[in-house]
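> If you read the sequence shown in the numbering used here, its first letter stands for residue 1, the second for the next number, and so on. Below: one structure in C-alpha cells.
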Amino acid sequence: MLYDKPKIYVISDAAFMIEVADRISDEASEAITSLTHLLDDADHEAIVDIVPSYRSIMVEYDLLKSDAAGMEDELARLCESHAQRIDRSVRLIEIPVCYSTPHAPDLDQVAVLSGLEPQEVIDLHSEPVYQVSAMGFTPGFPYLSGLDHAIAVPRRATPRAAVAAGSIGIAGEQTGIYPVTSPGGWQIIGRTPLTLFDPQRIDPFLLATGDTVRFIPIDDKTYYSMGGELHD
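Here it is as C-alpha cells:
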C-alpha cells in the first residue's frame with residue numbers, strides 16, 4: 001500500500017532513497033512516475049541523478065552544493081508537494097514484435113509450461129498494455145508489469161551467454177526487452193527490430209519509467225523491412 005507520505009532514508013554520504021509504498025503495485029508505479037517528474041522539474045542545482053525503481057527513488061546529490069541536512073529538507077519539501085500530482089499524459093509506445101523462429105527460441109517451452117499453444121502465448125503476450133515499472137540491468141532495459149498470469153513462467157534453468165538486442169523475454173510475472181546483446185536468463189519469445197538504446201541519439205533511451213507499452217505482432221517480412229537482424 002502507498003504510504004501517507006513518502007519515507008526518506010540516507011543510503012550513502014551523497015544519496016537518499018525515497019520510498020513511496022511497502023510493496024510493488026500499479027499505484028506505487030504511478031506515484032513513482034509523478035514524483036520522479038516532480039523531482040526532475042524542480043531542477044535543483046545539487047541533484048546529480050534521479051533513479052526510479054518499483055517503489056522507491058534514489059536521489060544522488062553534489063556534496064559541494066548541499067549538505068545532507070539541507071538536501072533532506074529539500075526532498076521532504078518536494079515530497080510534501082507531491083500530494084498535488086503532476087498532470088502529465090502517459091506515453092503509449094507500440095513495439096513491433098516478431099514471434100517466429102529464430103527470434104523466439106523459448107516460445108514452445110513457454111507454451112508447454114503454460115499448458116497452451118504457442119499462438120495462445122503470443123495472443124496473451126500482445127494483448128495487455130504494459131507499464132514500464134523500472135529500468136535497469138543494462139542501459140535501457142525496461143521491466144514491464146501487466147503480464148497475464150497464464151504465461152508467467154520461471155527463468156531458464158541455464159542462462160544464455162548472449163541474448164540478442166531486441167529480444168523480448170518473460171521471467172516470472174514480468175516481461176522485458178533486451179536493449180543490447182548481453183547475457184540473460186529470461187525466456188525469449190520474440191524480437192523487435194526497434195533500437196531501445198542508442199547513445200548517439202539526443203535521448204538514448206526509447207522508453208522511460210511510467211511509459212506504457214503495447215506489443216504489436218509482425219511477420220518476418222515486416223521485421224526485416226524495419227531493419228531487423230538475424231540472431232547474432
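Glycine is no exception: its CB is placed at the ideal position from the N, C-alpha and C atoms.
On a CA-only basis, which of C79, Y130, I151 is nearest G210? Give me that one, please.
With distances taken between Cα atoms, G210 lies closest to Y130.
> I need the DSSP call for G70, collapsed to helix, strand or coil.
Reduced to three states, the DSSP call for G70 is helix.
> Name the residue from D106, Q119, F137 whose alpha carbon lies nearest to the alpha carbon of V153.
Taking only the C-alpha atoms, the option nearest V153 is D106.
> Buried or exposed, going by whether 16 or more other CB atoms sit within 10 Å of the CB of P6?
Result: buried.
> From this set, T175, S182, G146, which residue's C-alpha is nearest A241's C-alpha?
Residue numbering for the chain in the displayed model covers 1 to 232; residue 241 lies beyond these limits and cannot be assessed.
> Taking only three categories from DSSP, how would you classify A152?
Coil.
> Rounded to a whole number of angstroms, what is the C-alpha to C-alpha distance between I170 and L75?
Answer to the nearest angstrom: the Cα atoms are 36 Å apart.
> Starting from Q109, follow the alpha helix (DSSP H) in both directions and report where the run begins and ends.
Where Q109 is concerned, the enclosing alpha helix (DSSP H) stretches over 107-114.
> Might you give, ordered along the chain, the residues of its own chain that have their beta carbon closer than 6 Å to the beta carbon of G140, omitting 5 neighbours on each side?
Result list for G140: P179, L196, F197, F205, in chain order.
> Where does P142 sit, in a helix, a strand or coil, going by DSSP?
If DSSP states are grouped into helix, strand and coil, P142 belongs with the strands.
> Which residues does DSSP pair with A171 in a beta bridge?
The partner list for A171 (beta bridge, DSSP) reads Q174.
> From the DSSP output, which residues share a beta bridge with L39?
Beta-bridge pairing links L39 to no other residue.
> Can you grab the Cα-Cα spacing for the pair Q200 / Y61, in whole Å?
Computed Cα separation, rounded: 26 Å.
> Taking the runs of the alpha helix (DSSP H) that are 4 residues or longer, which of them lie wholly in the segment 156-226?
Fully enclosed alpha helix (DSSP H) runs of 4 or longer: 220-225.
> Just to confirm the assignment, what range does the beta strand (DSSP E) spanning S133 have?
Note, S133: beta strand (DSSP E), 130-135.
> If you compare alpha carbons, which of S167, G176, I177 is closest to L230?
With distances taken between Cα atoms, L230 lies closest to S167.
> Once the 5 residues before and after E19 are set aside, which same chain residues still bring their CB inside 6 Å of it?
Around E19: K7, S56.
> Between I218 and P96, is the Cβ-Cβ spacing less than 8 Å?
Contact: yes.
> Can you say whether V121 is buried or exposed, counting buried as having 16 or more other CB atoms within 10 angstroms of its CB?
The residue is buried, with at least 16 neighbouring Cβ atoms inside 10 Å.
> Between D22 and the rest of its own chain, which residues show a CB-CB distance below 8 Å, the 5 nearest in sequence each way excluded?
Hits under 8 Å: M1, Y3, R55.
> Among I47, T36, E80, which residue has its Cα nearest to the Cα of M71?
Of I47, T36, E80, the residue nearest in Cα terms is I47.
> Taking the straight line between their C-alpha atoms, what separation do you get for D148 and G176?
Those two C-alpha atoms are separated by around 13 Å.
> For M226, count neighbouring Cβ atoms within 10 angstroms of its own Cβ and tell me buried if that reaches 16, exposed if not.
When all chains shown are included, M226 counts as exposed.
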